[in-house]
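Residue numbers (the working numbering), protein chains in the order written: chain A, 1 to 198; chain B, 199 to 396.
Positions of the beta carbon are idealized from the N, C-alpha and C atoms, including for glycine.
Just so we're clear, the structure is a prediction, and the values are computed from it rather than from any experiment.
Below is one structure, written out as structure tokens; comments come after it.
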């Protein structure tokens, strides 16, 4: 920056020419990246399994029937929960693929910068999908928990308590998965930033 | 890179020292950035206004009352819609601040790289908030539109048609805002990537 003459040997250039093949610049966080992606895989898989296994049959009063009729509550009774399972399944598959790709980058780091760019792009899309799914399932689950007096939507969690516990846990895990995705994007962006030499 | 001696004048160092203040490396997309942020501001503001003005009073049958009672539907009757308005308001405020900051970077580009890093970090958080809000409002609005026979949640959009049009438009605009945020993050990441000289 503050060099005044061009004929003097540049100290920066001297440091550069000592290494014949320059190693990848910047700091490599691919080990952290793999760890976070494995965590993401575990979280999304758990969320999908917990939501899919949310099933409870309870005897409830049905208008017109003289006795309580056993009625099952399943996750696929709500479109929001179906979308939730679909989105989290996509994120789960994505986390496997990218964790393997990250392992590949650790083994052969020449394409590290390209991978960071693509990770940041795709992670953002997956974050959007997972966050929207978490929001949708959360919004519907909240109605199930509290009901809505204005639209006379009755709460269902007083009857289907275990079903609601499953749904609630699944949404909490999905929220954790969203946080992991945010961290992954920040990690990619930060790694890219650390490669810029100013 | 391929220089063998350290006493020779480095051509790269010569190029550097020709310019007293080196211009920011890489391609600058801050003009696009400002444009997208202004669009984001317009979208989030519209979504908030359209959702806040969703109000409709219709005479409906109430159990126990002999005649139809006029009942108003407002956005704040649903916690999901309240969260939606809050989240989109935050995004609206954020878009103003960052658009001004981007203008500042165009005028004085020495901190461009730092700004790109911070933009990517914060845009991701705002994307998570906006996407979750869009999902939550969408999930609740879908129940309002179609109802849910399993939980006996009746649809309300056959009565409150204009209210539902407002809500639906607002959610569609919020979805557009989410896409804008994804594009903004990709732009920041791509700009950062273009500054890396390998």
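Among B:345, B:357, B:251, B:352, nearest to residue 266 of chain B - alpha-carbon criterion: Of the listed residues, the one whose Cα sits closest to residue 266 of chain B is B:357.
Buried versus exposed, by CB contacts within 10 Å (16 or more), residue 260 of chain B: A residue is called buried once 16 or more other Cβ atoms fall within 10 Å of its Cβ, and residue 260 of chain B, having fewer, is exposed.
Alpha-carbon to alpha-carbon, residue 140 of chain A and residue 255 of chain B: Annotation: residue 255 of chain B to residue 140 of chain A spans about 24 Å, alpha carbon to alpha carbon.
For residue 132 of chain A and residue 264 of chain B, the rounded distance between their alpha carbons: If you take the alpha carbons of residue 264 of chain B and residue 132 of chain A, they lie about 42 Å apart.
Under 9 Å from the C-beta of residue 277 of chain B: neighbouring residues of chain C: Given the protein chain composition of this structure (A and B), no chain C is represented.
Minimum Cβ-Cβ distance from residue 125 of chain A to chain B less than 8 Å: Interface residue, yes.
Per-residue DSSP class, three states only, for residue 54 of chain A: The answer is coil: DSSP assigns residue 54 of chain A none of H, G, I, E or B.
is_contact[residue 178 of chain A, chain B] using C-beta, thresh 8 Å: With a threshold of 8 Å between beta carbons, residue 178 of chain A makes contact with chain B.
The beta strand (DSSP E) enclosing residue 268 of chain B, as first and last residue numbers: Element bounds for residue 268 of chain B: 267-272.
Sequence-distant residues of the same chain with beta carbon closer than 8 Å to residue 129 of chain A, five excluded per side: Result list for residue 129 of chain A: 87, 90, 91, in chain order.
Neighbour list for residue 255 of chain B in chain A, Cβ cutoff strictly below 7 Å: Contact note: residue 255 of chain B does not reach chain A at a C-beta cutoff of 7 Å; the least C-beta distance is about 12 Å.
Residue from A:189, A:181, A:196 whose Cα sits closest to the Cα of residue 42 of chain A: Among A:189, A:181, A:196, the Cα nearest to that of residue 42 of chain A belongs to A:181.
Of the residues B:395, B:275, B:252, B:258, the one placed nearest residue 268 of chain B, counting alpha carbons only: Of B:395, B:275, B:252, B:258, the residue nearest in Cα terms is B:258.
Under the three-state DSSP convention, the category residue 66 of chain A falls into: Residue state, collapsed to three classes: coil.
Stretch pair the region 184-198 of chain A + the region 115-123 of chain A: three plus CB contacts closer than 8 Å: Taking 8 Å as the limit for Cβ pairs, the verdict is that the region 115-123 of chain A does touch the region 184-198 of chain A.
For residue 83 of chain A and residue 369 of chain B, the rounded distance between their alpha carbons: Each residue's alpha carbon lies about 17 Å from the other.
Any C-beta of chain A under 8 Å from that of residue 383 of chain B: Closer than 8 Å to some Cβ of chain A, the Cβ of residue 383 of chain B qualifies, so yes.
Residue 60 of chain A in three-state terms, based on DSSP: Under the three-state reduction of DSSP, residue 60 of chain A is assigned to strand.
Stretch pair the region 334-354 of chain B + the region 145-153 of chain A: three plus CB contacts closer than 8 Å: Under the 8 Å Cβ criterion, the region 334-354 of chain B counts as touching the region 145-153 of chain A, having at least three qualifying pairs.
Listed by chain order, chain B residues near residue 165 of chain A by CB distance under 7 Å: Ordered by position in chain B, no residue passes the 7 Å Cβ test against residue 165 of chain A, which lies about 17 Å from the chain.
Closest by C-alpha distance to residue 44 of chain A, when choosing among A:126, A:80, A:75: When each option's Cα is compared against that of residue 44 of chain A, the closest is A:126.
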